[in-house]
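Below is one structure, written out as structure tokens, with a few remarks after it.
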Amino acid sequence: MENALSLKHWGEPPKDGLGTVGKCVAVHCGWGRVLFGQTFDKAEHLAAHLMEEETGERDLAIYVRDPHVVLSLAPQALFMDPSHSYRLNLKEMPVAARNADSTMFDIRPATAGDEGVVNRIYTSRGMVSLRSGYLAELNDRRCVAVLVAESAQDGEVLGVVMGIDHAIAFDDPEEGSSLWALAVDSQAAVPAVGIGLVTALAERFREAGRAFMDLSVLHDNAEAIGLYEKMGFERVPVYTVKKKNPINESLFIGPQRAENLNIYAKIIIDEARRRGIHVDIEDAEAGLFSLTLGGRSIACRESLSELTSAVAMSRCDDKSLTHRTLAKADLKVPGQATLCNHDDVRGFLDRYGRIVIKPARGEQGQGVYVDLCTEDEALGAFDNVFHQTDHVIGEEFVSGRDLRIIVIGDEVAAAAVRRPPRITGDGQHTIQELIQRLSRRRAAATGGESRIPVDDETRRCVQAQGHGMNSVLSDGTVMEVRKTANLHCGGTIHDVTDDLHPVLRNAALAARQVLGIPVVGFDFMVPRVDGPDYRIIEANERPGLANHEPQPTAQKFVDFLFPETRQEMVKHPAAG
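Counted from 1, the sequence shown has number 168 at position 157 by my numbering; the numbering is strictly sequential.
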């Protein structure tokens, strides 16, 4: 008897009277259909089904015996996915792969209530979201399984994976299964979520009697391939065909120019190019470029364009000027004062009890000392900042949630809560080691933009909680390692646009008008996102739009610069 994992007939239609040839099996996964090539008796039928892909979805055909023939039937519309296929033998599943439990998260079947957060994770990873109501239908789709990883500490969904049971889908004689749409929240501070999801899905299929689990991974994703191979996956000659569409454009347009752009410039440039707007990159390292359409050109540095006047920019650049301008307009701001010497620091600390010391100019959270409560802390912070700048600001510490609101034109384009970086103890590694591991994950998730500096502020935050950098936290203990939630210092950002209270929304719009700036990011401190209380801390004239996915901030920015390219304007141009 032939081994169930034999690749001899990997792309051939099932035989022996199993009755699946010609069935044209396509399983809908919420984001598109998986077409099983071995159930199609003719290449023409498979190509025709791929051409029926719905707008906004991503179909794919796997186990295609003659991909070259399928491509020849629609060479302008179809392409071969540049991914490798890997297979895990579930009959001989390595013990190590079956013991990947974590006390930091639990894995459970997804429910209808998870749809919003699952779609947020998919969208933030550039993947297609599930169609509305899909998870609620899963009981009627027994061949599809969706699992989520849930934080044991706060119940947040950290990641998601989907699988298809081939035996249920089409009476697969090889008793196979496959893994699809694995995604981990880029903000997750917990390690090994992806491994846990893969392992849990494999174990589920193994217990159901399946012989193997296949997956696809982009050929150049060396990190993922290394991980899968370590888990026991082996490469198999299985090929996938897809239809060309804007979603998978990067897979078929060929190698892109090595422009070395950061994510904040790239997200805008990619959106502009999609609309046919010409891009000239002046300095990739600095994020400087110009956009040209119909003889009109606009120079930009990431989200800062020449439509922002020098005066408006100066109102944001000088934090003390920002504070005075907003206060004059009766917008709520914390107490603030210029600190020139130690007596000023002592007096300001006596007045407010808990204070912030920072430079009047600066960005990315550099030189900011938060929640200073003692004279020694405050004087030390003042000395450090004073050595860097001639204008030191003292500010009343406002507790609450750190909220960033992006305003583009007369619209709130996005709102997100920013959280300071947090580590979770495992009873083995030191605090410094956990910080370094988290910093590497944050850098990988943000294209190198987010890292946790091990500096005086980090050490102060750790020491204030009774620990040193070489302390070992007990398993499951969560600790914030910085007071600031700035993304560039390891903070995470979580979309709350739909929850924003109207008072906060209106305050942001009013502040934009007062400052006279067309595109701006405001830092608010609020007790609740859905409540009216607030304090505006700062204004950023060059907000990072890439941090606010899944909100379409880049699209709205390009809409603002070139309103004639808006989707509704293209579809319904003005008469005349």
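Where a beta carbon is used, it is the ideal one built from N, C-alpha and C, also for glycine.
By the Cβ-count criterion, M224 is buried, with 16 or more other Cβ atoms from all chains shown falling within 10 Å of its own Cβ.
If you look at A194, you'll find it in the beta strand (DSSP E) that goes G187 to V195. Per the C-alpha coordinates, the member of I366, P345 and R372 positioned closest to K330 is R372.
Sequence-distant partners of A121 (beyond 5 residues in either direction) whose C-beta falls short of 8 Å from its own C-beta, in its chain, are V129, L146, L149, V157, L158, V159 and V171. When S461, L360, S162 and F181 are compared, the shortest CA-CA separation from V45 is found for F181. Nearest neighbour of R471 by Cα position, chosen from I416, T503, G555 and T385, turns out to be T385. Judged by beta-carbon spacing, R523 lies within the 8 Å limit of V418, meaning their Cβ atoms are closer than that value. For I446, the closest of G501, V409, D117 and E185 by C-alpha to C-alpha distance is G501. If you look at S320, you'll find it isn't in any beta strand (DSSP E); DSSP assigns it neither H nor E.
Three or more Cβ pairs drawn from the region 212-230 and the region 89-108 lie within less than 8 Å of each other, which places the two stretches in contact. A Cβ-Cβ distance of about 28 Å is found for the pair Q347 and G420, leaving them out of contact under the 8 Å criterion. Contact between the region 571-580 and the region 550-561 is not established, with fewer than three Cβ pairs separated by less than 8 Å. Between A200 and M173, the C-beta gap is not smaller than 8 Å, which leaves the two residues out of contact. Proximity of the region 211-220 to the region 47-62 falls short of the contact definition, fewer than three beta-carbon pairs being nearer than 8 Å.
Secondary structure within the region 413-457: the alpha helix (DSSP H) runs of 4 or more consecutive residues, fully enclosed, are 442-456 (chain order). In the three-state DSSP reduction, E296 falls in the coil class, being neither helix nor strand. Taking a contact as a CB-CB distance under 8 Å, the pair Y545 and K343 counts as one, their CB atoms being some 6 Å apart.
For the region 217-263, the full-length beta strand (DSSP E) segments reaching 3 residues or more read 223-229, 245-247 and 251-254 along the chain.
The region 406-414 makes contact with the region 529-539: 3 or more CB pairs, one atom from each, lie closer than 8 Å. Following the DSSP letters along the chain, one finds K277 inside the alpha helix (DSSP H) bounded by residues I274 to R285. Taking 8 Å as the cut-off, the Cβ atoms of V38 and C154 count as close.
Under DSSP, the beta-bridge partners assigned to H95 are V228. In chain order, I419 and A424 place their CB closer than 6 Å to the CB of K567, counting only its own chain and leaving out the 5 sequence neighbours on each side. Checking the DSSP bridge columns, you'll see C311 partnered with F300 and S316. Minimum Cα-Cα distance from R217 among the listed residues I258, K102, H289 and S325 corresponds to K102. A contact is defined here as three or more CB-CB pairs under 8 Å, and the region 316-326 fails this definition with respect to the region 353-369. CA-to-CA, the gap between E68 and R452 works out to about 30 Å.
Annotated as distal: N273 and G305, with beta-carbon spacing of 8 Å or more. Only exposed fits D291, as fewer than 16 other CB atoms lie within 10 angstroms of its CB. Its chain contains R412, L414, A426, V428, V507, D510, L511, H512 and L515 as the residues whose beta carbon lies nearer than 8 Å to that of V540, once the 5 sequence neighbours on both sides are disregarded; these appear in chain order.
Apart from the 5 residues on each side of it in sequence, R142 sits with its Cβ closer than 6 Å to the Cβ of G41 in its chain, given in chain order. Of the residues assessed, I264 falls on the exposed side of the cut-off, its CB having fewer than 16 other CB atoms within 10 angstroms. With contacts defined as CB atoms closer than 8 Å, L89 and L82 qualify as a contacting pair. In the three-state reduction of the DSSP assignment, Y380 falls in the strand class.
P370 is bridged by DSSP to V403.
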